[in-house]
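Numbering (our numbering), first residue to last: 19 to 241.
Just so it is clear, CB atoms sit at the ideal spot from N, CA and C, and this is done for glycine as well.
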Ligand code: AMP
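Right, here's the structure in full:
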């Protein structure tokens with residue numbers, strides 16, 4: 019099972035991905051998190067990706083494909099995995115299918131109004147150490163500026179500022195939105211309303227995943 023979390027930046031892919039990871043025990047692979055780590059550690063790859071990330075542009079396909087390749091063939095991904103922030107364009111989606119053909123796919127698109135996205139992105143804070151996600155409007159840490167999980171400092175992502183948010187949304191409309199059509203044609207696309215409470219959204223996602231997992235078991239048994 020390959021769960022692809024689609025949707026604009028700030029739509030809740032990271033938060034929902036963590037919940038799916040816990041419930042189904044599929045590891046979550048976030049290309050954004052992987053890239054931020056490379057930047058933080060000042061690796062060659064991080065240096066190559068930094069400028070695009072800070073401007074809200076997409077990093078070169080070859081870079082993210084290499085990262086994904088390295089992750090999805092690890093033993094912990096054997097039963098399934100969750101992709102958060104990948105693919106970001108049709109080219110990446112095609113490359114993924116070339117790399118790993120035989121995987122059942124489910125695409126969950128968390129849909130939100132542009133107004134809510136901008137509000138959420140501006141209020142988002144992340145843990146500088148473990149990457150846990152907080153939101154000053156809805157999901158505050160117990161102690162201001164401090165991660166509940168590991169006690170490290172909370173920071174604002176460099177790309178969660180108004181000019182970069184605008185560019186990221188533009189890039190989403192220009193490049194990523196085409197994946198809605200791409201995956202709809204493959205009949206693996208499901209849209210979820212992302213405006214409600216976190217628990218309501220995750221319940222809706224679970225019911226899709228449970229149904230699709232059950233369906234695939236029946237199909238496998240019939241083979
Ligand atoms: P995210 O955390 O998913 O919002 O990603 C943050 C930034 O990392 C994006 O704005 C891009 O610059 C870069 N990035 C993450 N995933 C990808 C991807 N699949 N393809 C290209 N760039 C990516």
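Alpha carbon of residue i to alpha carbon of residue j, nearest angstrom
i: residue 206; j: residue 100; result: 14 Å
i: residue 64; j: residue 80; result: 14 Å
i: residue 37; j: residue 223; result: 10 Å
i: residue 232; j: residue 60; result: 44 Å
i: residue 103; j: residue 119; result: 19 Å
i: residue 239; j: residue 28; result: 39 Å
i: residue 186; j: residue 237; result: 39 Å
i: residue 225; j: residue 23; result: 15 Å
i: residue 217; j: residue 131; result: 19 Å
i: residue 51; j: residue 109; result: 21 Å
i: residue 179; j: residue 88; result: 31 Å
i: residue 124; j: residue 200; result: 13 Å
i: residue 241; j: residue 229; result: 19 Å
Proximity to residue i [Cα-Cα], best of the options
i: residue 204; options: 194, 170, 111 and 36; result: 111
i: residue 139; options: 149, 146 and 175; result: 175
i: residue 56; options: 215, 162 and 68; result: 68
i: residue 48; options: 70, 90 and 72; result: 90
i: residue 215; options: 164, 168, 157 and 171; result: 157
i: residue 30; options: 162, 137 and 173; result: 137
i: residue 21; options: 105, 172, 241 and 66; result: 105
beta-carbon residue i near the ligand AMP non-hydrogen atom, thresh 8 Å
i: residue 140; result: no
i: residue 48; result: yes
i: residue 87; result: no
i: residue 108; result: no
i: residue 228; result: no
i: residue 71; result: yes
i: residue 112; result: no
i: residue 67; result: yes
i: residue 30; result: no
i: residue 179; result: no
i: residue 80; result: no
i: residue 43; result: no
i: residue 53; result: yes
i: residue 103; result: yes
i: residue 143; result: no
i: residue 189; result: yes
Own chain residues within Cβ distance below 6 Å of residue i, not counting five before or after
i: residue 252; result: In the structure displayed, the chain extends from 19 to 241; residue 252 sits before or after that span and is not available.
i: residue 151; result: 32, 33 and 144
i: residue 122; result: 19 and 234
i: residue 166; result: 159 and 160
i: residue 147; result: 168 and 170
i: residue 94; result: 45
Proximal residues to residue i (C-beta, below 8 Å), its chain only, five neighbours per side dropped
i: residue 107; result: 76, 79, 193, 194, 196 and 197
Beta-carbon proximity list for residue i, same chain, < 7 Å, skipping 5 on both sides
i: residue 210; result: 126, 127, 128, 129, 219, 222 and 223
i: residue 154; result: 141 and 143
i: residue 74; result: 177, 182, 185, 186 and 189
i: residue 134; result: 213
i: residue 26; result: 130, 135, 187 and 190
Legend entry - Meets three-Cβ-pair contact criterion under 8 Å: the stretch 89-104 and the stretch 34-50: yes
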